[in-house]
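Some notes on the structure that comes next.
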Amino acid sequence: MIEIPSDLHKDLVPLAFLLGDWAGAGVFDFPGAEKCNFGQEVTFTHDGRDFLEYHSHTWVLDNDGNKVKPLESESGFWRIDGDRKVEVTMTRDDGVIEIWYGEMAEKKPQIDLVTDAVARTAASAPYTGGKRLYGYVKSDLMWVGEKQTPEVELRPYMSAHLKKVVTPEDVERWAKALPDDLPDDGIAFFK
(Lines of atoms letter the chains of each structure in order from A; the text may use other names.)
(Lines give C-alpha, C1' and ligand atoms only; values in the text may rest on other atoms or scores of the structure.)
Protein backbone atom coordinates (compact mmCIF):
# COMPACT_ATOMS: atom_id res chain seq x y z
CA MET A 45 0.00 0.00 0.00
CA ILE A 46 1.37 3.40 -0.96
CA GLU A 47 0.66 6.08 1.60
CA ILE A 48 1.20 9.76 0.87
CA PRO A 49 2.05 11.64 4.07
CA SER A 50 0.16 14.89 4.50
CA ASP A 51 3.42 16.79 5.08
CA LEU A 52 5.17 15.38 1.99
CA HIS A 53 6.33 18.17 -0.34
CA LYS A 54 3.90 18.25 -3.29
CA ASP A 55 6.71 17.74 -5.84
CA LEU A 56 7.63 14.40 -4.22
CA VAL A 57 4.22 12.72 -4.55
CA PRO A 58 5.40 10.60 -7.55
CA LEU A 59 8.24 9.25 -5.36
CA ALA A 60 5.99 8.41 -2.38
CA PHE A 61 6.24 4.69 -3.17
CA LEU A 62 9.89 4.80 -2.03
CA LEU A 63 9.15 6.16 1.45
CA GLY A 64 9.82 3.98 4.46
CA ASP A 65 12.16 1.27 5.63
CA TRP A 66 12.91 -1.65 3.33
CA ALA A 67 14.83 -4.89 3.92
CA GLY A 68 15.71 -7.85 1.76
CA ALA A 69 18.43 -9.68 -0.09
CA GLY A 70 20.15 -9.78 -3.43
CA VAL A 71 23.15 -10.90 -5.45
CA PHE A 72 26.49 -9.15 -5.98
CA ASP A 73 28.64 -10.23 -8.96
CA PHE A 74 31.41 -8.16 -10.55
CA PRO A 75 34.74 -9.17 -12.12
CA GLY A 76 37.60 -8.96 -9.66
CA ALA A 77 35.36 -9.47 -6.61
CA GLU A 78 33.90 -12.59 -5.06
CA LYS A 79 30.30 -13.26 -6.05
CA CYS A 80 27.99 -13.33 -3.03
CA ASN A 81 24.49 -13.02 -1.71
CA PHE A 82 23.88 -9.89 0.32
CA GLY A 83 21.37 -8.49 2.76
CA GLN A 84 20.20 -4.90 2.47
CA GLU A 85 18.40 -2.29 4.54
CA VAL A 86 17.21 0.88 2.79
CA THR A 87 15.48 3.93 4.22
CA PHE A 88 13.78 6.78 2.34
CA THR A 89 12.59 9.65 4.54
CA HIS A 90 11.43 13.24 4.10
CA ASP A 91 11.26 16.35 6.27
CA GLY A 92 8.80 18.44 4.25
CA ARG A 93 11.39 19.91 1.91
CA ASP A 94 11.61 19.05 -1.82
CA PHE A 95 13.84 15.95 -1.53
CA LEU A 96 13.89 12.44 -0.10
CA GLU A 97 16.81 11.43 2.09
CA TYR A 98 18.22 7.98 1.25
CA HIS A 99 20.40 5.53 3.21
CA SER A 100 21.42 2.01 2.19
CA HIS A 101 23.53 -0.58 3.98
CA THR A 102 24.45 -3.97 2.51
CA TRP A 103 26.39 -6.88 3.96
CA VAL A 104 27.66 -10.23 2.71
CA LEU A 105 25.52 -13.22 3.72
CA ASP A 106 26.79 -16.75 4.29
CA ASN A 107 24.96 -19.83 2.96
CA ASP A 108 22.67 -19.81 6.02
CA GLY A 109 21.70 -16.15 5.53
CA ASN A 110 23.83 -14.84 8.40
CA LYS A 111 25.66 -11.50 8.19
CA VAL A 112 29.37 -12.04 7.49
CA LYS A 113 30.76 -8.54 6.86
CA PRO A 114 29.72 -5.13 5.47
CA LEU A 115 29.56 -4.86 1.67
CA GLU A 116 28.57 -1.29 0.68
CA SER A 117 26.91 1.72 2.27
CA GLU A 118 25.59 4.81 0.51
CA SER A 119 23.48 7.83 1.26
CA GLY A 120 22.04 10.67 -0.72
CA PHE A 121 19.16 12.89 -1.75
CA TRP A 122 16.47 12.28 -4.39
CA ARG A 123 14.48 14.98 -6.22
CA ILE A 124 11.93 14.97 -9.03
CA ASP A 125 10.59 17.80 -11.17
CA GLY A 126 7.22 18.36 -12.83
CA ASP A 127 8.35 16.51 -15.97
CA ARG A 128 9.12 13.36 -13.92
CA LYS A 129 12.87 13.91 -14.27
CA VAL A 130 14.73 12.49 -11.28
CA GLU A 131 18.07 13.62 -9.90
CA VAL A 132 20.04 11.88 -7.17
CA THR A 133 23.20 12.90 -5.36
CA MET A 134 24.90 9.95 -3.70
CA THR A 135 27.96 9.35 -1.53
CA ARG A 136 29.40 5.87 -1.03
CA ASP A 137 31.60 4.51 1.72
CA ASP A 138 34.31 3.57 -0.80
CA GLY A 139 35.12 7.22 -1.60
CA VAL A 140 32.83 7.73 -4.60
CA ILE A 141 30.42 10.63 -5.04
CA GLU A 142 27.89 10.43 -7.89
CA ILE A 143 25.25 12.55 -9.55
CA TRP A 144 22.53 10.50 -11.21
CA TYR A 145 19.86 11.69 -13.65
CA GLY A 146 16.92 9.81 -15.01
CA GLU A 147 13.19 9.72 -15.20
CA MET A 148 10.17 8.07 -13.78
CA ALA A 149 8.25 5.82 -16.15
CA GLU A 150 4.86 7.00 -17.35
CA LYS A 151 1.96 5.68 -15.26
CA LYS A 152 4.03 3.26 -13.18
CA PRO A 153 6.37 3.46 -10.18
CA GLN A 154 9.63 2.76 -11.99
CA ILE A 155 12.76 4.92 -12.15
CA ASP A 156 15.68 4.61 -14.59
CA LEU A 157 18.88 6.41 -13.56
CA VAL A 158 22.28 6.96 -15.22
CA THR A 159 25.35 8.57 -13.69
CA ASP A 160 26.11 12.04 -15.01
CA ALA A 161 29.18 12.78 -12.88
CA VAL A 162 31.52 10.67 -10.78
CA ALA A 163 34.16 11.92 -8.35
CA ARG A 164 36.54 9.53 -6.57
CA THR A 165 39.02 9.81 -3.76
CA ALA A 166 42.54 8.49 -4.32
CA ALA A 167 41.76 5.44 -2.17
CA SER A 168 38.65 4.36 -4.14
CA ALA A 169 38.65 1.59 -6.73
CA PRO A 170 38.42 2.51 -10.43
CA TYR A 171 34.85 3.39 -11.41
CA THR A 172 33.52 5.39 -14.35
CA GLY A 173 29.73 5.19 -14.05
CA GLY A 174 26.60 3.16 -13.83
CA LYS A 175 22.90 2.68 -14.37
CA ARG A 176 20.12 1.76 -11.95
CA LEU A 177 16.54 0.67 -12.31
CA TYR A 178 14.16 0.87 -9.34
CA GLY A 179 10.62 -0.48 -9.44
CA TYR A 180 7.69 -0.93 -7.09
CA VAL A 181 6.31 -4.38 -7.94
CA LYS A 182 3.42 -5.95 -6.00
CA SER A 183 4.22 -3.81 -2.92
CA ASP A 184 7.92 -4.72 -3.01
CA LEU A 185 10.88 -2.55 -4.02
CA MET A 186 13.19 -4.14 -6.58
CA TRP A 187 16.32 -2.71 -8.09
CA VAL A 188 19.22 -3.63 -10.33
CA GLY A 189 22.50 -1.74 -10.61
CA GLU A 190 24.97 -1.73 -13.46
CA LYS A 191 28.59 -0.67 -13.10
CA GLN A 192 31.44 0.31 -15.41
CA THR A 193 35.17 0.69 -14.80
CA PRO A 194 38.05 1.49 -17.17
CA GLU A 195 38.64 -2.30 -17.43
CA VAL A 196 35.04 -3.60 -17.39
CA GLU A 197 32.24 -2.50 -19.72
CA LEU A 198 28.88 -1.55 -18.24
CA ARG A 199 27.27 -4.68 -16.80
CA PRO A 200 24.86 -5.67 -14.01
CA TYR A 201 26.62 -6.11 -10.67
CA MET A 202 23.97 -5.90 -7.93
CA SER A 203 20.26 -6.55 -7.69
CA ALA A 204 17.90 -6.94 -4.75
CA HIS A 205 14.31 -7.66 -3.78
CA LEU A 206 13.20 -5.63 -0.75
CA LYS A 207 10.10 -5.81 1.40
CA LYS A 208 8.56 -2.95 3.35
CA VAL A 209 9.38 -3.13 7.05
CA VAL A 210 6.18 -2.86 9.08
CA THR A 211 6.38 -1.28 12.51
CA PRO A 212 3.89 -1.61 15.39
CA GLU A 213 3.01 2.06 14.77
CA ASP A 214 2.08 1.20 11.17
CA VAL A 215 -0.23 -1.60 12.33
CA GLU A 216 -1.89 0.68 14.90
CA ARG A 217 -2.42 3.43 12.30
CA TRP A 218 -3.90 0.96 9.80
CA ALA A 219 -6.17 -0.57 12.45
CA LYS A 220 -7.54 2.86 13.34
CA ALA A 221 -8.25 3.51 9.66
CA LEU A 222 -10.37 0.34 9.22
CA PRO A 223 -14.08 0.93 8.69
CA ASP A 224 -16.36 0.18 11.65
CA ASP A 225 -18.66 -2.02 9.57
CA LEU A 226 -16.32 -4.95 8.84
CA PRO A 227 -18.15 -8.30 8.86
CA ASP A 228 -17.83 -10.23 12.13
CA ASP A 229 -17.04 -13.59 10.53
CA GLY A 230 -14.28 -12.27 8.24
CA ILE A 231 -15.49 -14.50 5.39
CA ALA A 232 -18.04 -12.01 4.07
CA PHE A 233 -15.21 -9.51 3.67
CA PHE A 234 -13.83 -11.57 0.76
CA LYS A 235 -17.14 -12.09 -1.07
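In the numbering used here, each number is its position in the sequence shown, counted from 1, plus 44. No residue lacks a Cβ here, since even glycine has one placed at the ideal position from N, Cα and C.
In this structure, DSSP gives residue 69 an extended state, which the three-state scheme calls strand. The region 102-116 and the region 143-161 do not touch, with fewer than 3 CB-CB distances between them shorter than 8 Å.
Note on the region 155-182: whole beta strand (DSSP E) runs with a minimum of 3 residues are 173-181, in chain order. Residue 75 places its beta carbon 9 Å or farther from that of residue 60.
Looking at the DSSP output, residue 48 bridges to nothing. Counting every other CB atom within 10 Å of its CB across the protein chains shown gives residue 204 a total of 16 or more, marking it as buried. A contact between stretches requires three or more CB pairs, one per stretch, nearer than 8 Å, and the region 192-200 meets this requirement with the region 168-183.
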